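Step one of this worksheet: look at the structure below.
6 protein chains.
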Amino acid sequence: MKVVTFGEVMMRLSPPLNYRLPQAASLEITYGGGDANVAAALAWMGVPAAHVTAFPQHELGHAAAAHLRRFGVDTRHCLFTDRGRLGLYFLEVGASLRPSRIVYDRADSAFANLDPAAFDWDEILKDATWLHWTGITPAISAAAAQATADAIAAARRLGLTVSADVNYRRNLWQYGQRAQDVMPPLVAGCDLVVCTEGDADDLFGIRAEPGTENGFVRMSEQLAARFPQIKRVIATHRRTQSASHERICGLLWQEGQFYETPFYDIAPVVDRIGGGDSFISGFIFGAATYGSPQEALGFATIASALKHTVHGDINLVTPAEVEHLMQGNLTGRLVR
Amino acid sequence: MKVVTFGEVMMRLSPPLNYRLPQAASLEITYGGGDANVAAALAWMGVPAAHVTAFPQHELGHAAAAHLRRFGVDTRHCLFTDRGRLGLYFLEVGASLRPSRIVYDRADSAFANLDPAAFDWDEILKDATWLHWTGITPAISAAAAQATADAIAAARRLGLTVSADVNYRRNLWQYGQRAQDVMPPLVAGCDLVVCTEGDADDLFGIRAEPGTENGFVRMSEQLAARFPQIKRVIATHRRTQSASHERICGLLWQEGQFYETPFYDIAPVVDRIGGGDSFISGFIFGAATYGSPQEALGFATIASALKHTVHGDINLVTPAEVEHLMQGNLTGRLVR
Amino acid sequence: MKVVTFGEVMMRLSPPLNYRLPQAASLEITYGGGDANVAAALAWMGVPAAHVTAFPQHELGHAAAAHLRRFGVDTRHCLFTDRGRLGLYFLEVGASLRPSRIVYDRADSAFANLDPAAFDWDEILKDATWLHWTGITPAISAAAAQATADAIAAARRLGLTVSADVNYRRNLWQYGQRAQDVMPPLVAGCDLVVCTEGDADDLFGIRAEPGTENGFVRMSEQLAARFPQIKRVIATHRRTQSASHERICGLLWQEGQFYETPFYDIAPVVDRIGGGDSFISGFIFGAATYGSPQEALGFATIASALKHTVHGDINLVTPAEVEHLMQGNLTGRLVR
Amino acid sequence: MKVVTFGEVMMRLSPPLNYRLPQAASLEITYGGGDANVAAALAWMGVPAAHVTAFPQHELGHAAAAHLRRFGVDTRHCLFTDRGRLGLYFLEVGASLRPSRIVYDRADSAFANLDPAAFDWDEILKDATWLHWTGITPAISAAAAQATADAIAAARRLGLTVSADVNYRRNLWQYGQRAQDVMPPLVAGCDLVVCTEGDADDLFGIRAEPGTENGFVRMSEQLAARFPQIKRVIATHRRTQSASHERICGLLWQEGQFYETPFYDIAPVVDRIGGGDSFISGFIFGAATYGSPQEALGFATIASALKHTVHGDINLVTPAEVEHLMQGNLTGRLVR
Amino acid sequence: MKVVTFGEVMMRLSPPLNYRLPQAASLEITYGGGDANVAAALAWMGVPAAHVTAFPQHELGHAAAAHLRRFGVDTRHCLFTDRGRLGLYFLEVGASLRPSRIVYDRADSAFANLDPAAFDWDEILKDATWLHWTGITPAISAAAAQATADAIAAARRLGLTVSADVNYRRNLWQYGQRAQDVMPPLVAGCDLVVCTEGDADDLFGIRAEPGTENGFVRMSEQLAARFPQIKRVIATHRRTQSASHERICGLLWQEGQFYETPFYDIAPVVDRIGGGDSFISGFIFGAATYGSPQEALGFATIASALKHTVHGDINLVTPAEVEHLMQGNLTGRLVR
Amino acid sequence: MKVVTFGEVMMRLSPPLNYRLPQAASLEITYGGGDANVAAALAWMGVPAAHVTAFPQHELGHAAAAHLRRFGVDTRHCLFTDRGRLGLYFLEVGASLRPSRIVYDRADSAFANLDPAAFDWDEILKDATWLHWTGITPAISAAAAQATADAIAAARRLGLTVSADVNYRRNLWQYGQRAQDVMPPLVAGCDLVVCTEGDADDLFGIRAEPGTENGFVRMSEQLAARFPQIKRVIATHRRTQSASHERICGLLWQEGQFYETPFYDIAPVVDRIGGGDSFISGFIFGAATYGSPQEALGFATIASALKHTVHGDINLVTPAEVEHLMQGNLTGRLVR
């Protein structure tokens, strides 16, 4: 198994602890992106994984690539160009009833300005078995959308499994095309999608009762009907209590069958960013490892719950750690 | 609208995280004081606000003034003298069932030793519409009490609204006069007071059932009867669960009417200091902004709840952030 | 009263906050050991206390000794040798459903390699009234077990009270002898033991229903029957909710009588390490200070609960702080 | 005296100590800009000073304004717009023979996109006596150049003294106009300029032997001949030994007379950024304070030397501190 | 050998690195005092040493005592009272031509308010062989001066060697008595004094050419003539290059003989505070260890030079480290 | 070109700044080893490089591997075993005349306990062109020496260039064999060696005047005579001024010709560790890049000088940065 992901990587800058930006004297750095986080979590779990992106050709771009490599991601196919900056985002970590806030500063990045022709997807994907992308990537620029389409086409040609986190972010689509037009042909090339009822409504006009098992199943059936390549749909449902207390469960529709997990409590939440990415990386790992869809889903959901306790965008947990919780050790007792 | 506040500003020194003082290798610095916190929160919300105090004429005094200016407070009327030190307090932040602890080191401060004649209140207040003070100020020294009386007198003369947080701290009154003698004539000059049932009992001999809505209303009526200038009384009730978990609601008595809010949970509490000051600054803002007393009280209470999630004595939240919660967004979901 | 403890002291290295080891850029240092933690907590509470151990003769050994001295422990009887290293352990602090994890790196320490003949116990214990040791000490090496036996024998000879936390850690016993053979003669010399139902089963084959009051009493009676010197048995029961939320109560069997406390909630847990050590140090202090066994047990249990809110292995709380909670102040209200 | 400055303010992000960007886990934040640094240094020395700029209307813009206010700068005339980002620069602090390096990330800032018509210069300058700007400002965009011209015109109309640091940075001029065309009419409105021989050559085609007193005088005479409004020209000469060791002297040409100072050694250099800005703020202060040009120049040069020992872009030194060195106390002996 | 010292201990609060106080977000803590530093350096070198002082009876006092204990100082004879505060001083660390600056905040300390009768000097000194004090102690208050006199009298009675660092600080003498009256009878009880030519002039009216070997010898002879108990006089001469570069040599006059060392360069200076205290502690150690006065002086001077490279007031160097340099290893080559 | 290195990687733990170990509250972590540092510096300069070692199979081993990957090192051939610990070393960074000190804690590491048969050198080296090792590796254990011999044999078989830094550390050789017996056959397989006159004397009995160009040439000739495979010998000469000030030059003997560079001053030294490793990695890069031996040596020497200004064991400089200095830019002027 070898997984390839494609998408932008940003530097994340956060005040320490729960400090607010205007009072911070320093910012902690990490790097992440919805797709890269999947590659990094898989690499940390021992799965060969490569990430493809475009970085600026200066210290910040090299620092971002170094960060991915550190956790085992193959960065050989990353481009280094002088066509733009490194995207940034500033994150204030909230607490209790104060929400976390993000100030994006990602316009005009090297990734947004990438040249789709610079990626030789047949070469990049030649040893790979799985391609993963997120709905954020085609939202960034026409060039990024084109490269996504190229990657999916090559993956289908080479027989890879393709997955997507459709992840609709209204504010991001600003280059003159509508998500509703761009996304469907891309999703049509996918075997597995992460999709919430809200995204299905916004992107594909598929209506379901949001936040119910029933709604999820009905949405999945309609998705699969519309995009016959899709065999599995996954999502988490959240019952957010506060910025410091999250509850999540996992849902899976697989060729007509529905699976779900119990809700898991996370209190306190250490770092909520990347929670969804760790769900999909957990599912990719779980589906390849366990015989049963229920176990794959359980692995994915607990992996995502654990991510909420790990600093940074990347889910630094091992399969053994997830399995320890799957065996019922949910009370966090000290491991010596 | 322009608000002027008067009172001591101290340097606060706290070990990082929940470290105890004897194990700390460094102390984090911030600055605050019950009245200055009100000016700073208002300034950060966009309301012109000035603070009046006396600082020592050295680096620490200038650092404290700089801190207030940073958040928008006008410090032009602050005195810099060589008549005393900068008051300090050392704060250990507790957790769970371990209380936070304060070691005061504020004796002989430049503020305690101020010369009341050095403040030209008619000049200081000439553009202002509101004067706010706390019961801590007249507790510090006879000179400070005299200056408070002078300020109130000038404010009444110039037609300002006057508010006070009566805030009775038994230990502070050590210069030979009784709070029970000093406070009543000062409170008599106020239009609005923050007063709990306990304070009313201790300072004015007004008895009510502490911690009940009924008690608050009865106390307010007696206060208004005793001090006819008072038109509004406000307070919070707390149901403290632990050093890390607070529950608060807001109460308002306004010319015979009673208003209250639901209880808001804060878990975890990031920084409890200044919670009361942010309630009064929230109320001053809310009363000037919203038509209804209920909305003003709601704004004040949520502003105070949010303060518990912000490091430092000063409530660094914007009106838009408070209103986001007033609209029912109480679960702290990430804002992008 | 003067207490002497004996056992290994390790350097503890932890990433800041909840960071994981592979992402940490620095490690916070503290020092501790099950027995030394008891001496240090007692010294901080004002009880003369000395710790006896062997350190390597270089900067790290001196740093560890300095750490103990800082909190008042007499380190005069510590040996400094060139027969081994300073034991280390790396601690990742978990959160919520992610457990804290320890990576031990303690093999071949100066303590493991100690020469039992180097300790002149009659001299060391000459002014002491109490000797405390833990089951970790005889687990480390034959030499350490021999020194423990020597210390107990001297203590009995000199009329000291002897206590032990039997603390069975299966993984530690690796020098070729079985805990089941080594521990009984050592425990036979004790007046007071900390022992859970699980430890009694593993070490002495005493069966009881774990985690019930009934089980604890039955176990205690059998222990006292087997080891007639034992007059008191104590333990805590834990209802761990998560790595961040602990609930504990205290239990005491004293010459046929049973005492217990309510459960105390600790949320959040700041630092769980040393929770048991602070229970026994609290009991030693409480038993010497209060007339009633119930008060001694209450003191011990609240001291242990407070330890969970203090960084480091050592319980830096004063008797006055514990008593403040014993008087019912359990909601962590700010102390000025 | 009241000084107004105009120009961009950027957030500066630096790894701690001498760390390189790709190895940094956090970045220290400060804020600065060539013109704002002058206002802030003057404000800290007690001179009323306002800075005019355009900030983005979000947390980062407010944080930058707060930073200036902290040191006493009046920020009332700063615009907050949604027309762009906050300019950033990343600074790696070198050491010895490794140079410090800056990665700029300032394109498309709120300042670059400012609307010149949004500044009412007659209102802004109405109480001011001095306007200062730098050659960086007209380099940023046509709009910024226009606003600079407007400000100079208003200043001349209102009788202010106008100064400029011509500061030619080739890389910055990227909006389609040449510095050689834009700068001369702006410099023509100045009474005082900071100009090195290299800048005079590049911008005005004035040739002189760079780095010699002679060359400086000849350049100054030609500048004054070309721009008759100019009465004073100042500059520093540097004999840089390494990134950690600087030597500077100050030069002044004033209506035909030449003044210079000895070279001052700075070893180690704590923070080189803003060294030139502190020279001009020192000269503005010195010229207003001392009778003799020599003293004004001495004050400016020592102020600049001291800046090299202060972290951040802003020269946080007081007049008394500079004068202490002017009196010959150049060996840095402890001041109690 | 056992050394006892007497004097105030203060908390020292410094911004990290070379930050200035008004820009600092945190302060690093250490503790020190001229006499306590001597005890701590000796204890760290293995010499039994006790310090006697008065601390406030709260967390800060206990923290200060803990700091001394950490490095081996016996704190049993320290008083804990509620008669005053813990003295503080704020230290800004300079660099190059910017001096370090101290803001004292030590008035009304527990030490200043001590009760001389509370010290039972015969008991305190019963096992000791050496008493050391500094001229700072009698400067603080009449009570402190009285306690100093009592200590010296007891030491003479019990046959101890008495040493003093006369250390005249004009600003400190503010309780109504003149140093010129108080110091001579105290110095008369000393066997060894640290005294510079400047101090001898100020305190005793002894004139010599400051900063010359000749002057030092003439001063020493006059001191010994005036105070016949004095057998040795020591001092360092400094050729301060900058706040970051110091040069020192040591001088000794011993019963008519003069000894001196070469100058030692310290660049950079890490922490200058306590440089003098480490000279006298080094001399006490050296005189007790080496046969020759020249070696004792060499040890003292190198110990003091090394102190300039150690953070904090206390000289954390071992005899072996000093001797390594005495053997000519002065180039700081890595020791593995 | 592809370089493979072989040797132990240790975790390095250092107090921040110049703090001493017994006063440190935290330790900064990095990872390094003489051979791994070469691979990492080359990878950072863009040369494909792999490091081969054995790590313990737990968080610390994975963290160390992650560190190497971050800077581009291929870690695929690293073994993860449960046969030992991660070697550690504690580094105190000295200053001025205080030397840096290392406390090693590396016994019984996974590397020392490696199984030589576990490395398939023909596979590992199949795409490589260069093998580099250091004299530290065979000093660690017989197994490590055997693996080194195996690697060299395979490299010769496959036609790689082989280099060694002979680096004799007397204290390390403790497993029962003499360096004088083990090293010669290993060195016999090398094309290029780093060797000082002192090492040549100690290991091979080759006498030369240490520290002179003459001595270096004579030693090189004798080395080449004894080991005919050797074509190049390189070394640096150091004129260490203090722990903070180093001077180095480079020397090269290449097939009978001698080359040398001027001395380069480094003041201050940021981090001395890895200075030699960066010389050899610089030479490997330089020799492959530049036509002339003089340029290769110049590159190597300046790369090493720059390393002294970079934190950590690894030389994070780019070829462009080195070449900037080779062009004469040695005064560290700011690069924008």
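Protein chains in written order, with numbering that gives the first Met the number 0: chain A, 0 to 335; chain B, 0 to 335; chain C, 0 to 335; chain D, 0 to 335; chain E, 0 to 335; chain F, 0 to 335. Idealized CB from N, CA, C, for every residue including glycine. All values reported here derive from a predicted model rather than from experimental measurement.
Give the DSSP-derived three-state secondary structure of Leu222 (chain D) in the structure shown. helix
Please state if the CB of Leu251 (chain F) and the CB of Leu296 (chain F) are separated by a distance shorter than 8 Å. yes
How would you write the range of the alpha helix (DSSP H) that Leu96 (chain D) sits in, first residue to last? Taken as a continuous stretch (DSSP letters only), Leu96 (chain D) belongs to no alpha helix (DSSP H), as it is neither H nor E.
Between the Cα of Phe298 (chain A) and those of A:Ser140, A:Met325 and A:Gly33, spot the shortest distance and give me the residue it belongs to. A:Met325
Any C-beta of chain E within less than 8 Å: which residues of the segment 51-62 of chain D qualify? none
Which one of A:His131, A:Val232 and A:Gly204 has the shortest CA to CA distance from Val216 (chain A)? A:Val232
Check Ser291 (chain B) in the structure and name its three-state DSSP category. coil
Report the neighbours of Ile313 (chain E) on chain D: residues whose CB is nearer than 9 Å to its CB, in chain order. What Ile313 (chain E) touches in chain D: nothing, since even the nearest Cβ is about 18 Å away.
For my contact list, Leu333 (chain F) and Ser99 (chain D) are in at a C-beta cut-off of 8 Å; report their separation, rounded to the angstrom. 5 Å
Going by C-alpha to C-alpha distance, which of E:Arg105, E:Asp121, E:Leu130 and E:Trp129 sits closest to Ala138 (chain E)? E:Arg105
Three or more C-beta pairs below 8 Å linking the segment 32-48 of chain B and the segment 129-138 of chain B: yes
Excluding the 5 residues preceding and the 5 following Leu78 (chain F) in the sequence, name in chain order all residues of the same chain whose CB lies nearer than 6 Å to its CB. Ala53 and Ala117
Determine, using beta carbons only, whether Glu7 (chain A) comes closer than 8 Å to chain D. no
Just curious, the beta strand (DSSP E) that Val3 (chain A) is in, first and last residue? Val2 to Phe5
Chain C beta carbons: is any one of them nearer than 8 Å to that of Arg69 (chain E)? yes
Range covered by the alpha helix (DSSP H) that runs through Thr136 (chain D): Thr136 to Ile139
Along chain A, in chain order, which residues have C-beta atoms closer than 7 Å to that of Gln187 (chain F)? Note that residue 187 (chain F) corresponds to Ala in the displayed sequence, not to Gln. Result: empty, since nearest Cβ-Cβ is about 37 Å, beyond 7 Å.
Helix or strand or just coil, what does DSSP make of Leu130 (chain D)? strand
Simplified DSSP assignment, three categories, for Phe282 (chain D): helix
Give me the residue from F:Trp43, F:Val92 and F:Leu67 with the minimum Cα distance to Leu12 (chain F). F:Val92
Is Gln22 (chain A) close to chain B? Criterion is C-beta to C-beta, closer than 8 Å. yes
Range of the contiguous beta strand (DSSP E) that encloses Asp164 (chain E): Thr160 to Asp164
Give the secondary structure of Gly204 (chain B) by DSSP, where H, G and I count as helix, E and B as strand, and everything else as coil. coil
Taking Cβ positions, are Asp120 (chain D) and Ala153 (chain D) nearer each other than 8 Å? The question names Asp, but residue 120 (chain D) is Trp in the sequence shown. It is a contact, given that the beta carbons lie within the stated cut-off.
What is the C-beta distance between Gly249 (chain C) and Glu259 (chain C), in whole angstroms, given that I count them as a contact (C-beta under 8 Å)? 7 Å
Quick test of your reading: Leu85 (chain C) and Ala65 (chain C), contact by CB under 8 Å. State the CB separation rounded to the nearest angstrom. Incorrect: roughly 13 Å between the Cβ atoms, too far for contact.
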